[in-house]
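Visitor: Numbering (this note's numbering), first residue to last: 1 to 97. Using N, Cα and C, we set each Cβ at its ideal position, and we do this for glycine too. This is the structure I have questions about; it appears just below.
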């Protein structure tokens with residue numbers, strides 16, 4: 001994702017401001033789709049755990065090589081995030097211990 005910078009000094013994560021704000025309208029979604037925590041999709045108050053969700057998505061992507069949820073349309077992606085379980089990364093990458 002574009003919010004992860006790898007430098008000589010290490011890895012830097014950017015854009016942690018969204019966890020403090022609930023969306024008032026799904027048309028106002030800011031952030032990278034697929035990394036937005038379910039509580040933000042449901043327009044509920046959120047906290048640091050929304051950022052941890054995004055980090056979890058990144059780790060899933062690193063381990064499995066794919067995003068946890070994919071869809072052609074925004075509505076389908078959001079629905080999957082709210083209703084579907086992800087495939088365990090170990091089933092997608094048998095080198096994971």
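Exposed or buried, what is residue 11 when buried is set at 16 or more other beta-carbons lying within 10 Å of its beta-carbon?
Guide: Classification of residue 11: exposed, given that the 10 Å Cβ count is below 16.
Visitor: Rounding to the nearest angstrom, what Cα-Cα distance links residue 54 and residue 36 in this structure?
Guide: Taking the straight line joining both Cα atoms gives about 6 Å.
Visitor: What are the start and end residues of each continuous alpha helix (DSSP H) run of 4 or more residues lying completely inside the stretch 51-80, in chain order?
Guide: With a minimum length of 4 residues, no continuous alpha helix (DSSP H) run stays inside the stretch 51-80.
Visitor: Determine the burial state of residue 43: buried for a count of at least 16 other Cβ atoms within 10 Å of its Cβ, exposed for fewer.
Guide: Residue 43 is exposed by the Cβ-count criterion.
Visitor: Taking DSSP as the reference, what is the three-state secondary structure of residue 36?
Guide: It is coil, neither helix nor strand.
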